[in-house]
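Working notes for the structure below.
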Amino acid sequence: MGEDRMVNVELKEIANLCKRRGFIFQDSEIYGGIGSVWDYGPLGVELKKNVKESWWKSMVYDRDDVEGLDAAILMNPETWKASGHVGSFADMLSDCKECKKRFRVDHVKGDKCPECGGALLSPKSFNLMFKTQLGSVEGEAQEVYLRPETAQGIFVNFANILTTSRRKPPFGVAQIGKSFRNEITTGNFTFRSREFEQMELEFFVKPGEDEKWYDYWVNERLNWYVSLGIRKENLRLREHEKDELAHYAKRCHDIEYLFPMGWSELEGVANRKDFDLKQHSQISGQDLNYFDTATGERYTPYVIEPSGGVDRAVLALLLDSYRKETVKDRERVFLSLNKKLAPIKAAVLPLLKNNPGIVEMAHKIREDIKGNYRVVYDDTAAIGRLYRRQDEIGTPFCVTVDVESLTDGKVTVRDRDTMAQERIEATRLKEYLSTKIV
30 MGEDRMVNVE LKEIANLCKR RGFIFQDSEI YGGIGSVWDY GPLGVELKKN
80 VKESWWKSMV YDRDDVEGLD AAILMNPETW KASGHVGSFA DMLSDCKECK
130 KRFRVDHVKG DKCPECGGAL LSPKSFNLMF KTQLGSVEGE AQEVYLRPET
180 AQGIFVNFAN ILTTSRRKPP FGVAQIGKSF RNEITTGNFT FRSREFEQME
230 LEFFVKPGED EKWYDYWVNE RLNWYVSLGI RKENLRLREH EKDELAHYAK
280 RCHDIEYLFP MGWSELEGVA NRKDFDLKQH SQISGQDLNY FDTATGERYT
330 PYVIEPSGGV DRAVLALLLD SYRKETVKDR ERVFLSLNKK LAPIKAAVLP
380 LLKNNPGIVE MAHKIREDIK GNYRVVYDDT AAIGRLYRRQ DEIGTPFCVT
430 VDVESLTDGK VTVRDRDTMA QERIEATRLK EYLSTKIV
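Take 30 as the starting number for the sequence shown in this note's numbering and just add one per residue.
The structure is reproduced here in structure tokens:
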């Protein structure tokens with residue numbers, strides 16, 4: 030696919046828009062912030078919610094072979110020993126003797142600090158999991174971890190889900206939830222954060238059928254991003270080489286997006302073989318095999334895992350929908366977001382805020398069309414400025430109430446992308462918008 034971005038926008042520009050318009054804020058900003066941790070503002074939380082709902086619909090509601098789960102963040106620490114995170118989930122790091130900064134060994138060439146040129150000390154292993162204490166009495170508390178991924182919550186509940194849902198392979202378990210990694214190499218806005226949200230599916234299949242399902246999920250997941258409106262030329266598939274595969278993986282594809290810093294992972298799709306269920310069976314002593322009553326066959330299912338980041342999906346959508354054009358010698362910036370994902374679906378704007386009749390009608394229209402999605406009323410500026418404001422946050426439709434509306438009962442609906450305006454009856458507005466926002 031294409032090597033050049035269709036829209037030349039830098040992360041800094043998107044970060045400024047997100048701060049200015051209420052999408053994403055630096056966490057604890059009034060205290061100087063905390064590195065690579067972010068808060069989603071009034072518009073960001075809506076966009077993020079809409080992305081998660083779209084994923085859940087495609088994974089659970091639109092299918093008949095997937096169940097849902099919401100596992101806890103804190104888990105018995107034996108979980109992470111079985112998964113290999115305690116023993117091997119670590120980066121080799123070197124500290125600079127002069128400036129005291131820390132760097133991943135695989136990101137440094139030679140033995141000199143890339144920042145100040147000072148000498149680097151001998152590399153040390155640094156585990157990426159956050160530790161905490163379970164219990165309130167100091168010295169007696171149990172050491173536990175904030176989960177670095179949501180997948181293990183699915184694996185340890187495999188037998189519970191199998192029993193209660195009466196499923197048989199092939200079937201999947203979907204989960205959306207927070208994960209935590211004490212990353213050293215952070216940055217690029219929200220691309221790599223210490224606290225992030227994952228959308229993961231563990232799809233359990235019979236050994237021998239794994240390749241078929243692996244290919245299926247690679248294509249299925251790529252097409253989902255395209256369905257959200259991300260342009261195909263800014264997406265690509267990259268298969269992992271043998272030497273970069275995780276120890277448990279048979280194959281792995283990354284779905285990559287052409288971010289301003291280059292091609293980077295949006296989502297990974299891995300064939301994890303039967304590693305996870307076998308490990309948990311061995312460490313826990315519980316049988317996590319599947320018994321096929323029809324054939325009398327017992328086996329440990331293979332797992333196909335599509336694992337994507339909510340935050341990265343949101344960032345890619347913001348970047349890919351960013352548009353800038355000149356209209357009547359003035360610059361217009363707008364987010365051409367998929368209408369289903371837009372934080373605000375419609376804005377009701379009175380042309381004259383000092384006209385009581387217009388204001389009353391505008392408020393009534395908002396009351397009539399709200400409910401299934403977010404609708405706002407705004408009279409804080411002239412109509413041209415209000416249009417620009419809604420364009421920049423990606424609102425698909427602006428509904429303007431004017432003097433004529435009081436006599437003919439019609440309003441003007443303006444389209445975000447084309448700026449085309451259509452005059453329709455206010456009583457038809459709810460039905461009109463429902464056909465447009467699909």
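Glycine included, every Cβ here is placed at the ideal spot set by N, Cα and C. No experiment lies behind these values; they were computed from the predicted model shown.
Per-residue DSSP class, three states only, for Y483: A query on residue 483 cannot be resolved here, the shown segment of the chain reaching from 30 to 467 and no further.
Rounded C-alpha distance that separates M6 from Y69: Shown here, the chain extends from 30 to 467; a query on residue 6 therefore has no answer.
Secondary structure of Y402, DSSP reduced to three states: Here Y402 sits in coil by DSSP.
Please classify R280 as buried or exposed, where buried requires at least 16 neighbouring CB atoms within 10 angstroms. When all chains shown are included, R280 counts as buried.
Spatial neighbours of N79 within its chain, please: CB distance less than 8 Å, with the 5 preceding and 5 following residues excluded, ordered by chain position. The residues are K369, L370, A371, P372.
Considering V202, what are the terminal residues of the beta strand (DSSP E) in which it resides? Counting along the chain, the beta strand (DSSP E) containing V202 begins and ends at 200 to 209.
Inter-residue spacing [alpha-carbon to alpha-carbon] between V467 and Y254: If I take the Cα positions, the gap works out to 16 Å.
Let's test the definition: count the other Cβ atoms within 10 Å of the Cβ of F471 and tell me whether it reaches 16, buried, or not, exposed. It is not possible to answer for residue 471, since the shown part of the chain is limited to 30 through 467.
Inter-residue spacing [alpha-carbon to alpha-carbon] between L462 and R50: Distance between the alpha carbons of L462 and R50: 24 Å.
In this structure, what does DSSP give as the bridge partners for I284? Within the DSSP secondary-structure output, I284 pairs in a beta bridge with L266, E296.
From L122, G182, F187, N189, residue whose alpha carbon lies closest to that of L157: Ranking the options by Cα distance to L157, first place goes to L122.
Check this for me: beta carbons of E178 and S222, under 8 Å apart or not? Cβ atoms of E178 and S222: not closer than 8 Å.
For P385, which three-state DSSP category applies? It is helical.
Considering only the beta carbon of each residue, do I205 and E226 sit closer than 8 Å? A contact, by the Cβ cut-off of 8 Å.
In angstroms, rounded to a whole number, what distance separates the CA positions of V332 and K241? If you draw a straight line from the Cα of V332 to the Cα of K241, it comes to about 12 Å.
Fully enclosed by the segment 76 to 122, which alpha helix (DSSP H) runs are 4 residues long or longer? Complete alpha helix (DSSP H) runs here, min 4: 107 to 112, 114 to 117.
How is S336 classed by DSSP in three states: helix, strand or coil? Strand.
Between the alpha carbons of S350 and L257, how many angstroms are there, rounded? Roughly 10 Å between the two C-alpha positions.
Label V430 either buried or exposed according to how many other C-beta atoms from any shown protein chain fall within 10 Å of its C-beta, with 16 as the threshold for buried. Flag for V430 reads buried.
Less than 8 Å between the beta carbons of L295 and N263, yes or no? Inclusion of L295 and N263 in the CB contact set at 8 Å is not warranted, their separation being larger than that value.
Return the CA-CA distance between K439 and V388, expressed in angstroms with no decimal places. In this model, K439 and V388 are separated by some 14 Å (Cα to Cα).
Can you tell me which of A375, I412, R418 puts its alpha carbon nearest to the alpha carbon of D397? Checking every option, the nearest Cα to that of D397 belongs to A375.
Please classify E229 as buried or exposed, where buried requires at least 16 neighbouring CB atoms within 10 angstroms. Buried, since its Cβ has 16 or more Cβ neighbours within 10 Å.
If I'm right that F218 touches I422 with Cβ under 8 Å, what's the distance once you round it to whole angstroms? Not confirmed; about 18 Å, so no contact.
Could you give the distance in angstroms between the alpha-carbon of G386 and the alpha-carbon of R445? If you draw a straight line from the Cα of G386 to the Cα of R445, it is about 26 Å long.
Span of the beta strand (DSSP E) around Q311: Careful: Q311 lies outside any beta strand (DSSP E), inside the alpha helix (DSSP H) at 304 to 313.
Can you tell me which of the three DSSP states C128 falls into? Three-state DSSP puts C128 in coil, outside helix and strand.
Rounded to a whole number of angstroms, what is the C-alpha to C-alpha distance between M104 and E96? Rounded to the nearest whole angstrom, the CA to CA distance from M104 to E96 is 21 Å.
So, under 8 Å CB-CB, T441 and R452 are touching, yes? Tell me the CB distance rounded to an integer number of Å. Confirmed, Cβ separation roughly 6 Å.
Can you give me the C-alpha to C-alpha distance between K235 and C145, rounded to a whole angstrom? Our two residues, K235 and C145, have alpha carbons roughly 54 Å apart in a direct line.
Beta strand (DSSP E) segment containing V362, residue limits: Residues 359 to 364.
Looking at the secondary structure, which residues open and close the beta strand (DSSP E) in which E451 lies? From DSSP, the beta strand (DSSP E) with E451 extends over 450 to 454.
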